[in-house]
Structures are given as structure tokens and as C-alpha cells.
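Participant: Have a look at the structure that comes next, please.
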Amino acid sequence: MTDTGKMQAQPKRILCPRCPLYNRARRRCAICKVNPRTKLDTYETARLLGVRALCPFNPYRERLLHPK
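Residue numbers (our numbering): 12 to 79.
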């Protein structure tokens, strides 16, 4: 919640099967990226594998690339 009492909107996420980079035949990302489902999983994945391992469509990736 924000200080005004309103909930913040969750960033829009693209699920892997709907992504243009998804290889349906192999059931994997064509560019070998991962797209964790939660913000916590995204941060943990970035800590272990690095930000470059994250899908470019992950809604939390930009915050890791450009921290305030």
C-alpha cells in the first residue's frame, strides 16, 4: 500500500507461452532466459545468476538494472 492508502498496481507480466521469444517445440525460452513468478524470486535469481539471466519481459528487471 502507498501512503495514501491505495494499493499499487502490479506490473504487467508476460507469461512464457505467450512470449514471442518462447520456443513451443522445445518448451523453453529461445534466448535461454528465466522469468521468475514473484518479486522475491526475481531478486534471488538476479543475486545468484545475475540480472542478465532474467527475461527482458520480467516486470521487476528494470528496478534491478536502474536502482534509485
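Ideal Cβ placement from N, Cα and C applies to all residues, glycine included.
I believe N69 touches N46 by the beta-carbon criterion, under 8 Å. Please report the beta-carbon distance rounded to the nearest angstrom.
Facilitator: 5 Å
Participant: If you drop the 5 nearest sequence neighbours on each side, which residues of the same chain put their C-beta closer than 6 Å to that of R72?
Facilitator: L65
Participant: Please classify K44 as buried or exposed, where buried requires at least 16 other C-beta atoms within 10 Å of its C-beta.
Facilitator: buried
Participant: Just the Cα atoms here: how many angstroms apart are I58 and K50?
Facilitator: The sequence given here places Arg at residue 58; Ile does not occur at that position. Cα to Cα, R58 sits roughly 12 Å from K50.
Participant: What are the boundary residues of the alpha helix (DSSP H) that includes T50?
Facilitator: Correcting the residue type first, residue 50 is Lys in the shown sequence and not Thr. Unbroken alpha helix (DSSP H) run through K50: 50-60.
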